[in-house]
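Line by line, the protein sequences are chains A and B. Under our numbering, the first residue of the first sequence carries the number 1, and numbering increases by one thereafter. Under our numbering, the first residue of the second sequence carries the number 1, and numbering increases by one thereafter. The beta carbon of each residue, even a glycine, is placed where N, CA and C say it ideally should be. Below is one structure, written out as structure tokens; comments come after it.
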Amino acid sequence: MSDRTAELDIGVPQAGTAAAADYIRLLKPRVMSLVVFTGLVGLVLAPGTMHPVLATIAILCIAVAAGASGAINMWFDRDIDALMERTRDRPLPAGRMAPGEALGFGVVLAVGSVAVMGLGVNWTAAALLGLTVAFYVLVYTMWLKRRTPQNIVIGGAAGAFPPMIGWAAATGEITLASVVLFAMIFMWTPPHFWALSLYRAADYARAGVPMLPVVAGIAETKRQILIYSVLLVPTTLAPYFIGLSGLVYLVPAILLNVLFVLGALAVRRDATHRAPKRLFAYSILYLFLLFALLLADRAAG
Amino acid sequence: MADGENGAGGANGKEFRKRRRGRNWALLAVLFGLAVLFYAMTIVRLGGGQ
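Here you go:
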């Protein structure tokens with residue numbers, strides 16, 4: 001029997017034994033899909049035209065960089081992921097992959113995606129992409145996540161950059177319109193994650209992650225969700241007022257916001273996990289629909 | 001032992017080889033995709049596309 005086989009038998013994560021599916025799982029594909037979509041919308045809404053091949057490369061780079069951030073995040077958080085129900089089946093805590101593999105995979109993808117964006121598209125977009133990865137890994141994952149309940153408020157900026165990167169890929173610039181797209185996701189992130197954390201509070205407490213319900217309590221979290229939901233209204237209607245979109249966007253966006261605020265009010269009244277779960281699911285649909293409406297508005301007019 | 005349940009020729013060995021084969025195919029697809037990507041990118045950039 002070879003040494004390699006002997007090592008495999010004892011169940012210790014061994015470099016080179018993870019399946020391709022585990023590498024894909026490291027990339028957090030579900031998060032990536034929303035990142036890609038919002039990046040695409042930023043690229044399409046930007047003025048001017050872009051060669052389809054370069055546009056495809058730009059979107060691919062955004063997707064790969066987002067995945068790389070997820071992989072490095074999973075490498076750093078493997079200790080607390082093992083303690084939480086939601087994350088304990090990830091490749092590292094489940095023992096299907098050696099930590100160094102995940103880190104190497106993430107770093108190679110991060111550096112590669114930023115380099116290709118710079119060489120193939122432009123260096124403004126590449127710089128924003130590099131900033132996004134650094135912000136997610138260094139600021140959110142390594143610094144804020146385990147230290148402050150404001151972790152997802154500030155760290156949420158990393159998830160808000162993609163439409164700005166898409167815009168920069170098409171124009172080479174950062175403008176007010178792209179900052180508004182950034183702000184929409186930035187303001188959406190806290191109520192989205194806090195709704196999740198309301199029914200995952202025990203998980204976060206066990207792992208020692210100071211999410212708002214763990215540190216400030218359920219009632220304060222529900223209050224903050226409502227405040228951010230109200231602040232989200234002017235932020236998401238701003239595209240109309242700066243001339244980025246028309247009525248095709250504005251009218252349904254108002255309706256979506258009314259439903260969001262009603263959902264936040266329902267969370268405040270509901271003592272069970274039902275309303276938070278519904279708000280979390282709705283918040284994903286809400287963001288997807290808002291950005292889809294921006295596209296529809298552009299197509300219509 | 002080599003042909004036993006947990007040896008190189010056993011259940012774990014087979015599983016390992018299956019996973020390794022899947023990884024190799026995935027790596028081939030990625031490398032091929034990168035070659036196509038860089039080729040297309042070069043053609044577009046040389047043609048003055050932006």
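- At least one CB of chain A closer than 9 Å to the CB of B/Leu31: is that the case? As a first step, residue 31 of chain B must be located in the second sequence, where it is residue number 31. Closer than 9 Å: no.
- Nearest candidate by alpha-carbon position, reference A/Arg25, set A/Asn73, A/Arg278, A/Ala216: The residue given as residue 25 of chain A occupies position 25 in the first sequence. It is A/Asn73.
- Message: In this structure, how does DSSP classify B/Asn12 when only helix, strand and coil are distinguished?
- Response: Taking the second sequence and counting its residues from 1, one reaches residue 12 of chain B at position 12. In the three-state reduction of the DSSP assignment, B/Asn12 falls in the helix class.
- Message: Quick check on this structure: which residue in A/Gly112, A/Val248, A/Ser197 has the alpha carbon closest to the alpha carbon of A/Ile152?
- Response: What you label residue 152 of chain A is simply residue 152 of the first sequence in a count that begins at 1. Of A/Gly112, A/Val248, A/Ser197, the residue nearest in Cα terms is A/Ser197.
- Which residues of chain A have a Cβ atom closer than 9 Å to the Cβ of B/Ala35, listed in chain order? Residue 35 of chain B sits at position 35 when you count from the first residue of the second sequence. Close partners of B/Ala35 in chain A (Cβ separation under 9 Å) are lacking, with about 13 Å as the shortest Cβ gap.
- Item | Inter-stretch contact (C-beta, 8 Å, three-pair minimum) for the segment 206-214 of chain A and the segment 142-157 of chain A | Taking a cut-off of 8 Å on C-beta distances, the segment 206-214 of chain A touches the segment 142-157 of chain A, as three or more cross pairs fall below it.
- Message: When you compare the CB of A/Gly120 with every CB in chain B, is at least one pair closer than 9 Å?
- Response: Residue mapping note: residue 120 of chain A aligns to position 120 of the first sequence, counting from 1. A Cβ of chain B is located within less than 9 Å of the beta carbon of A/Gly120.
- Other residues of its chain near A/Gly304: CB distance less than 7 Å, five sequence neighbours each side excluded: The shown model of chain A, from 1 to 301, leaves out residue 304 of chain A, and the question about it has no answer.
- Task: Kindly indicate which three-state DSSP category A/Val121 falls into: helix, strand or coil?
- Result: Residue 121 of chain A sits at position 121 when you count from the first residue of the first sequence. A/Val121 falls in the coil class under three-state DSSP.
- Item | Per-residue DSSP class, three states only, for A/Ile174 | Against the first sequence, residue 174 of chain A aligns to sequence position 174. Correct three-state label for A/Ile174: coil.
- Nonlocal neighbours in the same chain, by C-beta distance under 6 Å from A/Gly263, ignoring five residues either side: Position 263 of the first sequence, counted from the first residue, corresponds to residue 263 of chain A. Counting only residues of its own chain and dropping the five nearest sequence neighbours on each side, A/Gly263 has a CB closer than 6 Å to the CB of Leu279, Tyr282.
- Which of helix, strand or coil DSSP assigns to A/Thr148: Counting from one through the first sequence, the residue named residue 148 of chain A turns up at place 148. Correct three-state label for A/Thr148: coil.
- C-beta contact flag for A/Val53 and B/Ile43 at 9 Å: In the first sequence, residue 53 of chain A corresponds to position 53, counting from 1. In the second sequence, residue 43 of chain B corresponds to position 43, counting from 1. For A/Val53 and B/Ile43, yes; Cβs fall inside 9 Å.
- Task: Please determine, among A/Pro163, A/Ala168, A/Tyr140, A/Glu85, the residue with the shortest C-alpha to C-alpha distance to A/Asn122.
- Result: Start at 1 with the first residue of the first sequence, and residue 122 of chain A comes out as number 122. With distances taken between Cα atoms, A/Asn122 lies closest to A/Ala168.
- Message: Quick check on A/Val179: does DSSP put it in helix, strand or coil?
- Response: To locate residue 179 of chain A, count along the first sequence from 1; it is residue 179. DSSP places A/Val179 in the helix class (H, G or I) of the three-state scheme.
- Query: Residues in its own chain within less than 7 Å of A/Val230 by CB, not counting five upstream and five downstream?
  - Reply: On the first sequence, residue 230 of chain A is found 230 positions in, with the first residue counted as 1. Hits under 7 Å: Val261.
- List the endpoints of the continuous alpha helix (DSSP H) containing A/Ile284. The sequence position of residue 284 of chain A within the first sequence is 284, counting from 1. Start and end: 274-300.
- Query: Residue range of the alpha helix (DSSP H) that A/Glu220 falls in?
  - Reply: By 1-based counting over the first sequence, the position of residue 220 of chain A is 220. Per DSSP, the continuous alpha helix (DSSP H) segment holding A/Glu220 begins and ends at 218-241.
- Task: Check the Cβ of B/Arg17 against every Cβ in chain A and list those closer than 9 Å, keeping chain order.
- Result: To locate residue 17 of chain B, count along the second sequence from 1; it is residue 17. Under a criterion of Cβ atoms nearer than 9 Å, no residue of chain A is adjacent to B/Arg17; the nearest Cβ is some 11 Å distant.
- Throw me the rounded Cβ distance for the A/Gly42 and A/Pro239 pair, which I believe falls under 8 Å. Locating residue 42 of chain A in the first sequence gives position 42, where the first residue counts as 1. Locating residue 239 of chain A in the first sequence gives position 239, where the first residue counts as 1. Not quite, the Cβ-Cβ distance comes to about 12 Å (not below 8 Å), so this is no contact.
- Specify, as a first and last residue, the run of the alpha helix (DSSP H) that A/Asp22 falls within. Taking the first sequence and counting its residues from 1, the one referred to as residue 22 of chain A is at position 22. In the DSSP assignment, A/Asp22 falls within the unbroken alpha helix (DSSP H) covering 20-26.
- Message: Cutting at 7 Å between CB atoms, please list the residues of its own chain near A/Pro47, excluding the five before and the five after it.
- Response: Numbered from 1 along the first sequence, position 47 holds the residue referred to as residue 47 of chain A. Closer than 7 Å at the Cβ level, and outside the excluded window around A/Pro47, lie Thr171.
- Query: If you drop the 5 nearest sequence neighbours on each side, which residues of the same chain put their C-beta closer than 6 Å to that of B/Gly22?
  - Reply: Your numbering for residue 22 of chain B matches position 22 in the second sequence. In the same chain as B/Gly22, and ignoring 5 residues on each side of it, no C-beta atom comes closer than 6 Å to its own.
- Element boundaries [alpha helix (DSSP H), containing A/Met74]: Residue 74 of chain A sits at position 74 when you count from the first residue of the first sequence. Residues 52-76.
- Taking A/Val251 as part of the alpha helix (DSSP H), name the residues at either end of that continuous run. Position 251 of the first sequence, counted from the first residue, corresponds to residue 251 of chain A. A/Val251: member of the alpha helix (DSSP H) spanning 247-269, first to last residue.
- Which stretch, first to last residue, makes up the alpha helix (DSSP H) that contains A/Ala160? In the first sequence, residue 160 of chain A corresponds to position 160, counting from 1. 157-160 is the extent of the alpha helix (DSSP H) around A/Ala160.
- Query: In whole angstroms, what is the alpha-carbon distance linking B/Arg45 and A/Ser113?
  - Reply: On the second sequence, residue 45 of chain B is found 45 positions in, with the first residue counted as 1. On the first sequence, residue 113 of chain A is found 113 positions in, with the first residue counted as 1. Going by C-alpha positions, B/Arg45 is about 17 Å away from A/Ser113.
- Message: A/Met184 and A/Leu232 - do their beta-carbons sit closer together than 9 Å?
- Response: On the first sequence, residue 232 of chain A is found 232 positions in, with the first residue counted as 1. On the first sequence, residue 184 of chain A is found 184 positions in, with the first residue counted as 1. Yes, these two residues count as a Cβ contact at 9 Å.
- Can you list, in chain order, the residues of the segment 48-59 of chain A whose Cβ is nearer than 8 Å to any Cβ on chain B? Within the segment 48-59 of chain A, the qualifying residues are Met50, His51, Val53, Leu54, Ile57.
- Message: Would A/Ala20 and A/Pro91 qualify as a contact pair, given that the criterion is a beta-carbon distance under 9 Å?
- Response: For the purposes of this step, residue 20 of chain A is identified with residue 20 of the first sequence, where counting begins at 1. For the purposes of this step, residue 91 of chain A is identified with residue 91 of the first sequence, where counting begins at 1. Not a contact, by the Cβ cut-off of 9 Å.
- Apart from the five residues on each side of it in sequence, which residues of its chain come closer than 7 Å, Cβ to Cβ, to A/Ala300? Position 300 of the first sequence, counted from the start, is the residue given in the question as residue 300 of chain A. Val248, listed in sequence order.
- Message: Using the Cβ count rule (16 or more neighbours within 10 Å means buried), how would you classify B/Trp25?
- Response: To locate residue 25 of chain B, count along the second sequence from 1; it is residue 25. Classification for B/Trp25: exposed.
- Query: Would A/Ile174 pass as a contact of A/Val116 if the rule is Cβ separation under 9 Å?
  - Reply: Walking along the first sequence from the start, residue 174 of chain A turns up at place 174. Walking along the first sequence from the start, residue 116 of chain A turns up at place 116. The answer is no: Cβ separation not under 9 Å.
- Which residues of chain B have a Cβ atom closer than 7 Å to the Cβ of A/Ala110, listed in chain order? The residue you call residue 110 of chain A lines up with position 110 of the first sequence. Using a Cβ-Cβ cut-off of 7 Å, A/Ala110 is close to nothing in chain B; its nearest Cβ partner there is about 16 Å away.
- Could you tell me if A/Ala201 is buried or exposed, where buried requires 16 or more neighbouring beta carbons within 10 angstroms of its beta carbon? As a working mapping, residue 201 of chain A is identified with position 201 in the first sequence. In the assembly as shown, A/Ala201 is a buried residue. Its beta-carbon has 16 or more other beta-carbons within 10 Å.
- What does A/Ala20 touch in chain B if you count any residue whose Cβ is under 7 Å from its own? Position 20 of the first sequence holds residue 20 of chain A. Against A/Ala20, the close residues of chain B are Gly22, Arg23, Ala26, in the order they occur along the chain (beta-carbon pairs closer than 7 Å).
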